[in-house]
Amino acid sequence: MVESKKKIVIYSKRDINVMEEITYDYKFPYEEDKIPCQCGSSSCRGTLN
Numbered sequence: 001m002v003e004s005k006k007k008i009v010i011y012s013k014r015d016i017n018v019m020e021e022i023t024y025d026y027k028f029p030y031e032e033d034k035i036p037c038q039c040g041s042s043s044c045r046g047t048l049n
């Protein structure tokens with residue numbers, strides 16, 4: 001906790017370049033209606049949920 005508030009901390013396994021776009025996997029629960037991801041990454045699973 002920081003200043004009595006919960007915070008999320010994200011660590012990187014490698015250096016992140018200035019202006020490099022990064023993503024975060026929210027791991028939403030499984031839902032029948034898929035929310036498409038438009039990041040374009042070759043390693044993306046294609047949906048946000």
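Be aware that the sequence shown starts at 1, since it is given in full-length UniProt numbering, and climbs by one per residue.
Glycine included, every Cβ here is placed at the ideal spot set by N, Cα and C.
Note that this is a predicted model, so its numbers are computed, not measured.
Asked	Found
Report the residue from S42, P29, T47, Y26 whose alpha carbon sits nearest the alpha carbon of P36.	T47
Might you give, ordered along the chain, the residues of its own chain that have their beta carbon closer than 6 Å to the beta carbon of M44, omitting 5 neighbours on each side?	Note that residue 44 is Cys in the sequence shown, not Met. Excluding residues within five positions, the ones whose Cβ falls inside 6 Å are C37.
Can you name the residues that DSSP bridges to T47?	P36
DSSP on K5, reduced to helix/strand/coil?	strand
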